[in-house]
Structures are given as C-alpha cells and as structure tokens.
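Taking it in order: structure first as structure tokens, then the write-up.
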Amino acid sequence: KRHLISAADLTRDDAVLILDTAEEMARVADRPIKKLPTLRGLTVVNLFFEDSTRTRISFEAAAKRLSADVINFSAKGSSVSKGESLKDTALTLEAMGADAVVIRHHASGAPYRLATSGWIDSAVVNAGDGTHEHPTQALLDAFTMRRRLVGRDAGLGKDLNGRRITIVGDVLHSRVARSNVHLLHTLGAEVTLVAPPTLVPIGVETWPCEVSYNLDDVLPKSDAVMMLRVQRERMNAAFFPTEREYSRRYGLDGDRMAKMPAHAIVMHPGPMNRGMEITAEVADSDRCTAVEQVANGVSTRMAVLYLLLGGSEPAVTTTPAAAR
Ligand code: CP
2 KRHLISAADL TRDDAVLILD TAEEMARVAD RPIKKLPTLR GLTVVNLFFE
52 DSTRTRISFE AAAKRLSADV INFSAKGSSV SKGESLKDTA LTLEAMGADA
102 VVIRHHASGA PYRLATSGWI DSAVVNAGDG THEHPTQALL DAFTMRRRLV
152 GRDAGLGKDL NGRRITIVGD VLHSRVARSN VHLLHTLGAE VTLVAPPTLV
202 PIGVETWPCE VSYNLDDVLP KSDAVMMLRV QRERMNAAFF PTEREYSRRY
252 GLDGDRMAKM PAHAIVMHPG PMNRGMEITA EVADSDRCTA VEQVANGVST
302 RMAVLYLLLG GSEPAVTTTP AAAR
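Add 1 to a position in the sequence shown, counting from 1, and you land on the number used in the UniProt record's numbering.
Next comes the structure, spelled out in structure tokens:
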C-alpha cells in the first residue's frame, strides 16, 4: 500500500506525475457533471485532530468527485475527548472499511506512525502534522506556480526549473514551508526563506534553500512570493516581535508588492491574518492566488487519491499525460 507522508519522499517523476494528473482532474471541474466513477465502492476517511477549512473540505470534494464514499471524523465531539488513543481510533475506522485515511494531527509524525504501525491496511495521506509537513499543500502550491509561471498546457510534464520562489514569515512553525522547500527543490526551483531570526528553525542550514532577513532585497528577484500565516497559537510570546514591528519588516503591502517583477505572483496557503503578514490590498489584488490555490487543491487532491487508490487505470483520458 502506498502512502503520502512527506513531500521529501517524492522524486521529480512522482511530483510531475501528480501535477500532470491534477491537470487532467482540473478538466473534470470544467465539465457540466464534475464527477468520475474511478473510486466507486471505496471509502475515504477524513481524520482531523486539528481544525481545518480548506484541506478537509477539499479532500471531501476530491473524494466525492471520484465517486468514493467519505466519512468525516473530527476529534472534537468524538471519543478522543474521552481519552481514546490514535491506535484505537484507527482500528475503529479500519473496521468501518476505510481504504484511505487522510489525517491531520497536532503531533509531528502521527501520519507516519499510522502508516507504519501495522494497525491499519489503508493508504495514509498526511493532511498536516504539527510543524512537520503538509505535502498536499506543497503539491497544490506547485500546481498553481506551474500554471501561472510555466503555462497551463505548456506546463504538462514540466517542472519549475530555475524559478525563484520566496517564502516569508513564520517558517519555524510552518509545515507548509518545510514541504514547499523540499518539493520546490525537487522540481528545480531556487527557494529563499525570509523570516525574523527568532522564527527560523534550528538546522535550516541543512534545508535545500537560502535564508535572508531582508524582504526588500529579495522581492525584485522573486517569481512567486509565498506569505505564511503567523501561527500565534504555537508561539511563545517572548519570541515574537510586536505586530506593528512584524508587519513593518516582514509584511507584504502594496508598496512592497510593487517591487516584485510584473509577472510575479503572491501566494498564501490560508487562513490569512489580514493586516499582519499581508494587507487587504494585496490579498484582494489580481496578483494574489490564495483563492485559486484553494480551487487547485481539489484537483491536486483528486490526483493524489486517484494515484494512491486507483492509479492503474487512466483517470480522464486514455493517454497518460506524461506520454503526450
Ligand atoms: N492551508 C490549509 O491547510 O488550510 P486549512 O487549515 O484551512 O486546512
């Protein structure tokens, strides 16, 4: 059984296959009937121990568009609040016939534990674990960049070779940043992290990217600028500059956006702290792809579920995208 636990596990060929399959899935969204029979009879369980809007709903939409049955499990209101363990929760879901478990958990490593424990036979997809990884977010981000920076049809089979991507803000707590650094490096992009010194992880020098502390220096050399949410809920107040100071040095406003090349895009995984890492003017501008990223998340997650659960048959066309 295959799993998707970490973007770092994906080879370039794996990543390009997922992105090309997502492009085929996006065509389904343009049809009057947005549904494929591919996963009929299979069950996808969304197992969410942490809050989510985009990831949970888009996995549900993705599974339903592939005709799978979907069970949504939220730890709030479940027997987890009575102390039930991850193992017993997983065994319960397995007994209900799960073929894939999409898990979000506050503990880094929980999806890996689920995939390697032998408790369940299902495919496991990491939907965000602690401060570790969020691989489907990185895939949908790469899909968005490839469409915007390489071109929608011209992008098939292509990577992001030589594209300069800047990731800004609370890198320390960001599973989105970690997954993006690994995937973008695999796809040939040059990644620069920009963050206050207190929000740079220990060991970042081993990551395949550059680190800068000056946003204004990096913006003119960026093809995409990804603003990260400041995760106050994971933060010790002593390590955080004031909101005003943070916005002044690391926030993206209209004046800063004007320093970016004309073709460059602004990205945000959401949810956004408007007025903190990004102003409303930038968030609502044509250059910001935040809403497009959400739509692309459905196609990307369709591709992931299809390749994990039903990938031996063609998804949409009779010719695999990589062969065209
Ligand atoms: N980007 C992201 O993971 O959003 P949610 O927390 O709403 O799922």
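Glycine is no exception: its CB is placed at the ideal position from the N, C-alpha and C atoms.
The region 195 to 266 is shown to contain whole beta strand (DSSP E) runs of 3 or more residues at 211 to 213 and 225 to 228, in chain order. Under the rule that a run must span 4 or more residues, the alpha helix (DSSP H) segments found entirely inside the region 49 to 78 read 55 to 66.
Ordered by chain, the residues meeting the criterion of a beta-carbon within less than 7 angstroms of a non-hydrogen atom of the ligand CP are Asp52, Ser53, Thr54, Arg55, Thr56, Arg57, Gly129, His135, Gln138, Val177, Pro270, Gly271 and Pro272. Two segments are said to touch when three or more pairs of C-beta atoms, one from each, lie closer than 8 angstroms; by this definition the region 86 to 94 does not touch the region 126 to 142. Taking Gly129 as reference, the option from Ala108, Asp171 and Ala190 with the minimal CA-CA separation is Ala108.
Here Ser223 has Arg165, Ile166, Thr167, Thr193, Met261, Pro262 and Ala265 as same chain residues with Cβ atoms under 8 angstroms from its own Cβ, once five neighbours each way along the sequence are excluded. One thing to note: Arg176 has its Cβ within 8 angstroms of the Cβ of Glu134. Within the region 7 to 44, no complete beta strand (DSSP E) segment of 3 residues or longer occurs.
Here Arg148 is buried. Its C-beta has 16 or more other C-beta atoms within 10 Å.
Taken in chain order, the whole beta strand (DSSP E) runs of length 3 or more contained in the region 114 to 158 are 124 to 130.
Checking the DSSP bridge columns, you'll see Leu5 partnered with Val126. Contact holds between the region 33 to 44 and the region 297 to 310, because three or more Cβ pairs, one in each stretch, are under 8 angstroms apart.
For Thr167, the secondary structure class from DSSP, reduced to helix, strand or coil, is strand. Our two residues, Ser123 and Arg250, have alpha carbons roughly 45 angstroms apart in a direct line.
Looking at Ser82, Gly189 and Glu278, the one whose alpha-carbon comes closest to that of Val226 is Glu278. Here the alpha carbon of Ser53 sits roughly 21 angstroms from the alpha carbon of Ala143. Cβ-Cβ distances below 8 angstroms link Gly204 to nothing in the same chain once the five nearest sequence neighbours on each side are left out. The criterion of a C-beta distance shorter than 8 angstroms is satisfied by Met228 and His269. The beta carbon of Ala8 lies closer than 7 angstroms to those of Glu134, Pro136, Ala139, Ser180, His183 and Leu184 in the same chain, with the five residues before and after it left out. In the DSSP assignment, the residues bridged to Val102 are Val46 and Val125.
The C-beta distance from Thr56 to Asp100 rounds to 19 angstroms, too long to meet the 8 angstroms contact threshold. For Gly298, the enclosing alpha helix (DSSP H) has its first and last residue at Ala291 to Leu310. Two segments are said to touch when three or more pairs of C-beta atoms, one from each, lie closer than 8 angstroms; by this definition the region 297 to 308 touches the region 12 to 21.
If you look at Val182, you'll find it in the alpha helix (DSSP H) that goes Arg176 to Thr187. With 16 or more neighbouring CB atoms inside 10 Å of its own CB, Gly170 falls in the buried class. Taking each of Pro202, Ser80, Thr145 and Asp10 in turn and checking the Cα distance to Leu48, the smallest one comes out for Ser80. If you draw a straight line from the Cα of Leu253 to the Cα of Gly271, it comes to about 15 angstroms. Per DSSP, the beta bridge partners of Glu191 are Arg165. Cβ neighbours of Ile72 within its own chain (closer than 8 angstroms, five residues either side excluded): Thr44, Val45, Val46, Asn47, Leu94, Met97 and Ala99.
Shown here for Ala111: same chain residues with a beta carbon closer than 6 angstroms to its own, the five before and five after excluded, namely Asp130 in chain order. Scanning Leu157, Cys289, Arg105 and Val29 for the CA closest to the CA of Val299 turns up Val29.
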